[in-house]
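With our numbering, the residue at position 215 of the sequence shown is 262, and numbering never jumps.
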Amino acid sequence: MPPLNSLETWSVRSARGGRKPKSKCFFIGEGPNTEYWYLESLAVRLAKMNAPELIELRPVERTGNERNQSAPKKLLEQARLIRGDAEAFGFDPETDRIVVFFDADVYKGDSERYASDLGMFSGVAEVAVTNPSFELYLLLHLDDALEEYVLPNEEEILGNGYVGGKRRYVEKLASDVLGFNVKHNEKVGGLARRFGVAVMNERALNQDPSQSIGRLTSNVGARIMEIMHTGASSEESYLGLCRRLGVEDELA
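This is the structure:
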């Protein structure tokens with residue numbers, strides 16, 4: 048099996064979405080399970096809504112030796128592999144995009160190293176960054192996430208130390224609040240049904256990847272909504288999607 052496997056969602060679109068997609072957007076998540084389960088579920092859900100109409104979303108499953116290679120520089124290598132292997136991935140640099148999802152927690156306040164690594168993605172892939180980790184974004188799918196779980200625990204979430212053995216604070220918090228282990232349970236994909244809630248909650252946090260160090264950060268929802276906007280067949284279509292998702296538009 049190749050180290051990367053792209054999930055095609057175009058085949059599950061509704062009948063009115065039968066046109067050939069004009070471009071592709073590859074999603075590469077840091078974790079081999081959590082991010083992939085979520086992004087796969089979201090891509091399929093959006094495809095069934097015929098969105099985005101002009102861009103095919105392709106979450107990338109990391110397999111083989113690449114499965115546990117999650118450092119940002121390894122994700123950058125994987126993005127370059129997709130760009131460079133047109134036969135396997137059909138990547139067209141003129142029309143296609145890659146988004147890499149990664150956590151800033153690994154930098155532990157080292158803003159200089161973070162800025163250097165972030166700059167390496169320029170011209171290769173766009174980034175969706177969470178600080179400290181993707182589990183923060185998962186929490187945002189709850190209506191009362193900010194008031195009940197995120198802001199009251201901001202210091203502990205940013206510190207993200209180990210609790211109860213080998214689990215990080217925000218991972219345990221998300222697992223406890225959501226009612227399942229977000230690292231090992233495919234139920235995480237079901238959160239995609241509440242994507243619009245996460246998009247709205249995320250706006251209370253920092254959404255600028257360059258300013259992530261030391262701040263609760265997530266631009267996952269914002270990045271995906273920008274793709275929805277770019278891939279809409281018209282402004283009216285995009286606004287209609289926003290209404291269906293329960294998102295107040297900030298781009299149109």
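Note that beta-carbon positions come from the ideal geometry of N, C-alpha and C, so glycine has one too.
For residue i, the nearest candidate out of the options (CA to CA)
{"i": "Glu233", "options": "Pro79, Phe74 and Phe73", "result": "Pro79"}
{"i": "Glu77", "options": "Lys120, Arg92 and Val91", "result": "Lys120"}
{"i": "Gly243", "options": "Leu198, Ser169 and Arg290", "result": "Arg290"}
{"i": "Glu344", "options": "Glu159, Asp223, Arg214 and Arg127", "result": "Examination of residue 344 is not possible in this model, given that the chain is present from 48 through 299 alone."}
Under the three-state DSSP convention, the category residue i falls into
{"i": "Glu295", "result": "coil"}
{"i": "Arg144", "result": "strand"}
{"i": "Val176", "result": "strand"}
{"i": "Gly76", "result": "strand"}
{"i": "Val171", "result": "coil"}
{"i": "Tyr285", "result": "helix"}
{"i": "Lys95", "result": "helix"}
{"i": "Ile260", "result": "coil"}
{"i": "Asn200", "result": "helix"}
{"i": "Phe138", "result": "coil"}
{"i": "Lys120", "result": "helix"}
{"i": "Asp157", "result": "coil"}
{"i": "Arg214", "result": "strand"}
{"i": "Leu193", "result": "helix"}
{"i": "Asp164", "result": "helix"}
Cβ distance (whole Å) where residue i is taken to contact residue j below 8 Å
{"i": "Phe148", "j": "Ala175", "result": "5 Å"}
{"i": "Leu205", "j": "Leu263", "result": "6 Å"}
{"i": "Val210", "j": "Ala221", "result": "In fact, because the Cβ distance is near 12 Å, the residues do not count as touching under 8 Å."}
{"i": "Cys72", "j": "Leu104", "result": "6 Å"}
{"i": "Tyr154", "j": "Ile260", "result": "6 Å"}
{"i": "Phe74", "j": "Pro106", "result": "4 Å"}
{"i": "Glu134", "j": "Glu182", "result": "That belief does not hold up - the Cβ atoms of Glu134 and Glu182 are roughly 36 Å apart, past 8 Å."}
Own chain partners of residue i with C-beta closer than 8 Å, once the 5 adjacent residues on each side are dropped
{"i": "Ser257", "result": "Ala162 and Leu165"}
{"i": "Ala279", "result": "Ala98, Pro99, Glu100, Leu101, Tyr285 and Leu288"}
{"i": "Asp150", "result": "Glu77, Val176, Thr177, Asn178, Pro179, Ser180 and Phe181"}
Assigned exposure category for residue i - 16 Cβ within 10 Å defines buried
{"i": "Met167", "result": "exposed"}
{"i": "Asp132", "result": "exposed"}
{"i": "Ser281", "result": "exposed"}
{"i": "Ser58", "result": "Residue confidence for Ser58 is low, a pLDDT of 49 falling below 50, so the modelled location carries little weight and cannot support an answer."}
{"i": "Leu292", "result": "buried"}
{"i": "Ser88", "result": "buried"}
{"i": "Ser265", "result": "buried"}
{"i": "Arg160", "result": "exposed"}
{"i": "Leu186", "result": "buried"}
Own chain residues within Cβ distance below 6 Å of residue i, not counting five before or after
{"i": "Gly268", "result": "Ala245, Val246 and Glu249"}
{"i": "Glu203", "result": "Tyr216"}
{"i": "Phe138", "result": "Ile129 and Arg130"}
{"i": "Arg144", "result": "Cys72"}
{"i": "Arg92", "result": "Ala239"}
{"i": "Gly64", "result": "Any reading at Gly64 needs caution, since the residue's pLDDT is 49, under 50, leaving its predicted position unreliable; the model's value is listed next. Here the set comprises Asn97."}
{"i": "Ser158", "result": "Ile260"}
Cβ neighbours of residue i in the same chain (closer than 7 Å, five flanking residues each side left out)
{"i": "Ala251", "result": "Leu193"}
{"i": "Ser61", "result": "Residue placement at Ser61 cannot be trusted, given a pLDDT of 48 that sits under 50; what the coordinates show is reported in the next sentence. Closer than 7 Å at Cβ, skipping near neighbours: Lys95 and Asn97."}
{"i": "Tyr85", "result": "Val235, Gly236, Leu238 and Ala239"}
{"i": "Asp152", "result": "Asn178, Pro179, Ser180 and Asn207"}
{"i": "Thr142", "result": "Lys69 and Ser70"}
{"i": "Asp296", "result": "Leu286 and Cys289"}
Closer than 7 Å: residue i CB and nearest the ligand SAM heavy atom
{"i": "Phe242", "result": "The ligand SAM is absent from the structure shown, which contains no ligands of any kind."}
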